[in-house]
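Asker:
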Amino acid sequence: MIEVNSEKSIEALQKIPDAELERLYDQYGNPRWPYLNLFTWKRLNFKCRQCSWSGDGGQVDIGEVDDEITELVCPDCGAYMSALSHLVEIPGFNKES
Ligand SMILES: [Zn+2]
Numbered sequence: 428m429i430e431v432n433s434e435k436s437i438e439a440l441q442k443i444p445d446a447e448l449e450r451l452y453d454q455y456g457n458p459r460w461p462y463l464n465l466f467t468w469k470r471l472n473f474k475c476r477q478c479s480w481s482g483d484g485g486q487v488d489i490g491e492v493d494d495e496i497t498e499l500v501c502p503d504c505g506a507y508m509s510a511l512s513h514l515v516e517i518p519g520f521n522k523e524s
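Structure representation (C-alpha cells):
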C-alpha cells in the first residue's frame, strides 16, 4: 500500500457542512466519490450491507481491481461496500507534478 500524507485533505473535508455530508454517503451509509478518494479512504467508516461488520478503510478487504476502480469489500463476508476511483489525478501521487 502507498502511504500518502492526507492531513490537508482531511482538514478540508472537516469544513464541509453536515447537510453536504449527507450527499457524500450512499443509502447504505458508505462514503462515495468524491468524499471517498485516494487520500481519505483509510480513515472513513464503512458498513457492510449484508452482515453487521463496520470499521474504517484500513480494515476493509480489497475486491476486484481494474484500470478505473478498486472495490472495497467486507472483511467478514466479502460483500461489496464501495469503490475507490483511480481516475482522479493527484499531482505528486498518481500524476507527474
Ligand atoms: Zn459483511
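Residues in the sequence shown are numbered from 428 upward in steps of one, following this note's numbering.
Even glycine gets a Cβ: it sits at the ideal position worked out from N, Cα and C.
Starting from the N-terminal side, write out each stretch of the alpha helix (DSSP H) that is 4 residues or longer and does not extend beyond the region 465-515.
Answerer: Fully enclosed alpha helix (DSSP H) runs of 4 or longer: not present.
Asker: Within 10 angstroms of the Cβ of P458, are there 16 or more other Cβ atoms? Answer buried if so, exposed if not.
Answerer: Classification for P458: buried.
Asker: Can you give me the Cβ contacts of W460 inside the same chain, cut-off strictly under 7 Å, excluding the 5 residues immediately before and after it?
Answerer: If we look at W460 and ignore the five residues flanking it on each side, its Cβ neighbours are S512.
Asker: Taking only the alpha-carbon atoms, compute the straight-line gap between M508 and E498 and give it to the nearest angstrom.
Answerer: When rounded, the distance between both Cα atoms is 8 Å.
Asker: Among C501, L471, C475, R476, whose alpha-carbon lies nearest the alpha-carbon of I489?
Answerer: Minimum Cα distance to I489 is reached at C501.
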